[in-house]
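Heads up: the sequence shown begins at 1 in the UniProt record's numbering, then just goes up one per residue.
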Amino acid sequence: MGCNTSDNALEKSRYQPLNIAESKGKGIGDDPKAIALDLFGNKETVKSEFTEEIKVIDQQAFEKILILTQMNLPDDKVRGRRYRLQFEFDQSTGKWNLKEAGRQQSCYKSEKPTDWTIEPCS
Numbered sequence: 001m002g003c004n005t006s007d008n009a010l011e012k013s014r015y016q017p018l019n020i021a022e023s024k025g026k027g028i029g030d031d032p033k034a035i036a037l038d039l040f041g042n043k044e045t046v047k048s049e050f051t052e053e054i055k056v057i058d059q060q061a062f063e064k065i066l067i068l069t070q071m072n073l074p075d076d077k078v079r080g081r082r083y084r085l086q087f088e089f090d091q092s093t094g095k096w097n098l099k100e101a102g103r104q105q106s107c108y109k110s111e112k113p114t115d116w117t118i119e120p121c122s
């Protein structure tokens, strides 16, 4: 459970692409983890066993890929949500830029509730 990155978390084809153009400059900053939490982190008080975990799963000189995992969401259908966020470092500005984002979810009423999918939960 939690942030299990062994189940093809690196494969961007397993994520539903998100429109990052809507972030209007919020996808730029000094720290990719802080950017990720600002854009996709939980902003509300949750009274359940909610957890939020962020990990760098791939890092190059000018690129980082992060996985943000949110589990035990206060939703009767969606058990968890996972974001794959790809950042590139812009040498001219000295800032990290969010280049790609994708989302998966795990569903309570799935045959395999620990699996991640891009299909809506029912």
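Even for Gly, the Cβ is constructed at its ideal location relative to N, Cα and C.
A contact between stretches requires three or more CB pairs, one per stretch, nearer than 8 Å, and the region 72-88 meets this requirement with the region 100-116. Residue 64 is classed as buried because its beta carbon has at least 16 other beta carbons within 10 Å across all chains shown. A straight-line Cα-Cα distance of about 31 Å links residue 50 and residue 95. Non-local beta-carbon contacts of residue 97 in its own chain, meaning distances under 7 Å to residues more than five positions away in sequence, involve 27, 28, 87, 88, 90 in chain order. For residue 66, the uninterrupted beta strand (DSSP E) run begins and ends at 63-71, by DSSP. Comparing C-alpha distances from residue 118 to each of 10, 15, 11 shows the shortest one belongs to 15. The DSSP-derived three-state label of residue 22 is helix.
For residue 115, the closest of 32, 34, 71 by C-alpha to C-alpha distance is 71.
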